[in-house]
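S.K.: Residue numbers are given in our numbering: position 31 of the sequence shown equals residue 491, and the series is strictly consecutive.
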Amino acid sequence: MISPVCPQSRVTLAKIRCLQECIQKFHAALPLPEAFCYVPGQLQYKVTKLGEKIVVYSQPVNINQHEVSGKKSRHVIGSFHSTKDTVIEGSGEEVYTSAGQWMKIKQTFLQKLFPNKTITTDGWIILFDSRTSADDPPNFTA
């Protein structure tokens, strides 16, 4: 799994503060805060599980399209195994499907990951797999 580099408690507190400010703006009939509309252009994630196989897809897929029992999905761009130094650069864009929470990976970063492949599109990796327990530690941290 992948998680942001900053501590989860800080992320949770920031979300609560933002939500509180938005509620106050709604009550006062004022425009939403600028920070609420911000989507970061790039996030860095560190891999927390060493040796984990990370699969990069061309688009977010559902569980039935996921890589199952060794068969390769037609949406797979490539895969690699994480090391202690693995850092993944993703965009701020996230998508949720039945397979879990996905993070978009820019084409330029994918070219660095797979130098022997011609990459023509952005890719997607699973941040949180829907088949894992909420008690399991994340694969990535921000």
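The beta carbon of each residue, even a glycine, is placed where N, CA and C say it ideally should be. Just so we're clear, the structure is a prediction, and the values are computed from it rather than from any experiment.
#1: Can Cys482 and Leu492 be called in contact, C-beta distance under 7 angstroms?
#2: CA-CA distance, Ile476 and Asp589?
#3: Who are Ile548's beta bridge partners in DSSP?
#4: Pop quiz: Glu549 and Gln504 are said to be a contact at Cβ under 8 angstroms. What is the actual Cβ separation, rounded to whole angstroms?
#5: Give the straight-line distance between the Cα atoms of Gln480 and Ser551, rounded to the nearest whole angstrom.
#6: Near Ile514, which residues of its chain fall below 7 angstroms by C-beta distance, leaving aside the five closest residues on each side in sequence?
#7: Please classify Met461: is it buried, with 16 or more other beta-carbons within 10 angstroms of its beta-carbon, or exposed?
#8: DSSP three-state label for Ile565, please.
#9: For Leu587, does the three-state DSSP call read helix, strand or coil?
#10: From Val547, Tyr517, Ala489, pick the residue whose C-alpha is nearest to that of Gln561; which is it?
M.R.: According to the data block:
#1: yes
#2: 24 angstroms
#3: Tyr505
#4: 6 angstroms
#5: 26 angstroms
#6: Ser539, Phe540, Ser542, Ile585
#7: Reliability fails at Met461, whose pLDDT of 48 lies under 50, so the model's placement of it is uncertain and no value is given.
#8: strand
#9: strand
#10: Tyr517
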